[in-house]
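Chemist: Supplied in structure tokens, the structure appears directly below.
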Amino acid sequence: MCPQPAVILSGGFLQPSSAYGILAEALLAAGAVLITYDKPFERLTAPVDDLDSAELLGAVAAEALRRLDRGDARGGGSGGGSRPVFLAGHSRGAKISVLAAVAAAAAAAGSCGSDGQPPPQSPSSALAGLSGLVLLDPADGSYEPQDPFRFPSSLAVLRTASAAAATAEAAPSDPAGSRLAALPALVVGAGRNGDCVPRKANYGAFFEAWPGPSALVTLQDAGHLQFLDPSPDLQRAVCAAGRGLAPGQVASAAGALAAAFVRGVAARREDGATTAAFGCGHGAAAGGGSRRAGEGAADGAAACGGAVGGPGEGGRQAGPDGGTLGGGGGDVYSVSPAELRAWCQAAFAGAAGGLRNRVDVSAGRRGRAVA
6 MCPQPAVILS GGFLQPSSAY GILAEALLAA GAVLITYDKP FERLTAPVDD
56 LDSAELLGAV AAEALRRLDR GDARGGGSGG GSRPVFLAGH SRGAKISVLA
106 AVAAAAAAAG SCGSDGQPPP QSPSSALAGL SGLVLLDPAD GSYEPQDPFR
156 FPSSLAVLRT ASAAAATAEA APSDPAGSRL AALPALVVGA GRNGDCVPRK
206 ANYGAFFEAW PGPSALVTLQ DAGHLQFLDP SPDLQRAVCA AGRGLAPGQV
256 ASAAGALAAA FVRGVAARRE DGATTAAFGC GHGAAAGGGS RRAGEGAADG
306 AAACGGAVGG PGEGGRQAGP DGGTLGGGGG DVYSVSPAEL RAWCQAAFAG
356 AAGGLRNRVD VSAGRRGRAV A
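Per the numbering used here, the very first residue in the sequence shown carries number 6; after that it's consecutive.
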């Protein structure tokens, strides 16, 4: 049995993982293994540095995936080396996910040091098989000035990767950049987030800077904190909330979109199509009941259950021409922008349908909208 896809969720600044219950339920219902963690030692007056947070995310991934691999081995399943792994994050958690993906790309590139030896193993190496990112109303910074050494811009890193990926000769000289350029991303933005997230640091900037295939879904009336479970007092006190939206509607839509993205990318891997950014083998969720795994890793837990199949007959993804996307092919990208756009639109025919007339969906590659 193919291993189930794993999704590692990073919450926003000072937001506990328990605040994302609606999003978590959507991913679990889609058959993903969900890995969450908390930073109880972080305070408003003592935030953890971004690079340290990204390293912690890598350590959580390493421990949780190790436990999942061990469980697969005991159960006679295939090894976790072929397990699709996704990073998902909201607000600052999305920024941390990007920084962790950049570190993983560098680790996977395996460039040697001055002594001619490969770099030592790091927690980021656990994410060398990363399949994609889900960025929920990402924030690269706030209106308050920040120390660039403690809180570096993830957008600057992505723009550098985009510039390198746009140059045909970049692949041999910048293997980390070429790996990022093959990594698909789903960006979901809140149209009413301007009171909490500067425009130059918001979802639009992430979509434009992303070097690989990407889809942007803008929830026009959503507020920044409505990706969390309903908490009206918190939302009204900190960030504006959308008008005419039912409690939990934004979180439900985000969950449906994230589940569609994970299903789609995982099914493409299972079909034998070109793998995602870091070239791991095939693997997608198929069957299986609920179980718990990886409990206690950095105050995190992993849970999984249900079966996964993408939209379309037999769990295969419908292509732009209405056919199915089979195996093989030499495309650098595991998925196309058109596919990402189609998966997002399909999500609004289901659980996210209540917002169908209040969204914008676009897709692109290397910062250029093409669909």
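Built from N, CA and C at the ideal position, the CB exists for glycine as well.
From Val267 to Ala37, what does the alpha carbon distance come to, in whole angstroms?
Modeler: The alpha-carbon atoms of Val267 and Ala37 are separated by roughly 8 Å.
Chemist: Mind checking whether Ala105 and Ala59 have CB atoms under 8 Å apart?
Modeler: Closer than 8 Å, so yes.
Chemist: Report back the beta-carbon spacing between Leu345 and Pro150 to the nearest angstrom; my notes put them in contact at under 8 Å.
Modeler: With a Cβ gap of about 35 Å, Leu345 and Pro150 do not count as contacting.
Chemist: If you draw a straight line from the alpha carbon of Leu73 to that of Pro8, how long is it in whole angstroms?
Modeler: Leu73 and Pro8: Cα-Cα distance of roughly 9 Å.
Chemist: May I ask you to verify whether the segment 215-232 touches the segment 41-53, counting CB pairs closer than 8 Å and requiring at least 3?
Modeler: They do not touch, by the three-pair rule.
Chemist: Beta carbon of Leu141, beta carbon of Ala210: below 8 Å?
Modeler: Cβ distance not < 8 Å, so Leu141 and Ala210 don't count as in contact.
Chemist: Using the three-state DSSP reduction, which class does His287 fall into: helix, strand or coil?
Modeler: At His287, the pLDDT of 26 sits below 50, so the modelled position is not reliable and the matter cannot be decided from this model.
Chemist: With distances taken between CB atoms, is the gap from Gly137 to Val270 smaller than 8 Å?
Modeler: Yes, Cβ-Cβ distance for Gly137 and Val270 is below 8 Å.
Chemist: When the Cα of Leu185 is compared with those of Ser367, Thr223, Ala113, Pro203, which residue comes out closest?
Modeler: Comparing Cα positions, the closest option is Ala113.
Chemist: If you compare alpha carbons, which of Ala131, Leu132, Val162 is closest to Asp145?
Modeler: Of the listed residues, the one whose Cα sits closest to Asp145 is Val162.
Chemist: Drop a sphere of 10 angstroms on the beta-carbon of Pro153, count the other beta-carbons inside from all chains shown, and report buried for 16 or more, exposed for fewer.
Modeler: So Pro153 counts as exposed.
Chemist: With DSSP collapsed to three states, give me the class of Arg268.
Modeler: Three-state result, Arg268: helix.
Chemist: Alpha carbon to alpha carbon, how far is Ala272 from Arg321? Give it in angstroms, no decimals.
Modeler: Residue placement at Arg321 is flagged as unreliable, the pLDDT there being 28, under the threshold of 50; the coordinate-derived value follows with that caveat. Spanning the two alpha carbons is a distance of roughly 6 Å.
Chemist: Please classify Ser341: is it buried, with 16 or more other beta-carbons within 10 angstroms of its beta-carbon, or exposed?
Modeler: Ser341 comes out buried.
Chemist: So the candidates are Ala31, Ile101, His95; which of them puts its Cα closest to the Cα of Asn198?
Modeler: It is His95 whose Cα lies nearest to the Cα of Asn198.
Chemist: Kindly indicate which residue of Val222, Ser22, Ala227 has the alpha-carbon position closest to the one of Ala351.
Modeler: Residue Val222 is the option with its Cα nearest to Ala351.
Chemist: Locate the beta strand (DSSP E) running through Ala220, then write down its first and last residues.
Modeler: Taken as a continuous stretch (DSSP letters only), the beta strand (DSSP E) holding Ala220 covers 218-224.
Chemist: Going by the beta-carbon positions, is the gap between Ala347 and Leu28 smaller than 8 Å?
Modeler: It is not a contact, given that the beta carbons lie outside the stated cut-off.
Chemist: Just the Cα atoms here: how many angstroms apart are Ile13 and Gln254?
Modeler: In a straight line, the C-alpha of Ile13 is about 22 Å away from that of Gln254.
Chemist: Report the CB separation of Asp55 from Ser22 in whole angstroms; it is logged as a contact under 8 Å.
Modeler: The pair is not a contact, with the Cβ atoms about 19 Å apart (cut-off 8 Å).
Chemist: How would you call Ala66, buried or exposed, if buried means at least 16 neighbouring beta carbons within 10 angstroms?
Modeler: Answer is buried; the Cβ neighbour count reaches 16.
Chemist: Relative to the alpha-carbon of Leu39, which residue among Arg97, Gly26, Phe212 has its alpha-carbon at the smallest distance?
Modeler: It is Gly26 whose Cα lies nearest to the Cα of Leu39.
Chemist: Among Gly247, Ala166, Gly249, Leu92, which has the Cα closest to the Cα of Thr41?
Modeler: Nearest C-alpha to Thr41: Leu92.
Chemist: Taking Gly247 as the reference, which of Gly260, Lys100, Ala195 has the closest Cα?
Modeler: Checking every option, the nearest Cα to that of Gly247 belongs to Ala195.
Chemist: Within the continuous beta strand (DSSP E) that includes Gly228, where are the two ends?
Modeler: Careful: Gly228 lies outside any beta strand (DSSP E) and carries neither H nor E.
Chemist: Please report the distance separating the alpha-carbon of Asn207 from that of Ala24.
Modeler: So the alpha carbons of these two residues sit roughly 21 Å apart.
Chemist: Pull up the distance between the alpha-carbon of Ala245 and that of Asp200, whole angstroms please.
Modeler: Going by the C-alpha atoms only, they are around 7 Å apart.
Chemist: Which runs of the alpha helix (DSSP H) at least 4 residues long sit entirely within the segment 140-214? Give them in chain order.
Modeler: Qualifying alpha helix (DSSP H) stretches, in chain order: 159-170, 175-178, 180-185, 208-214.
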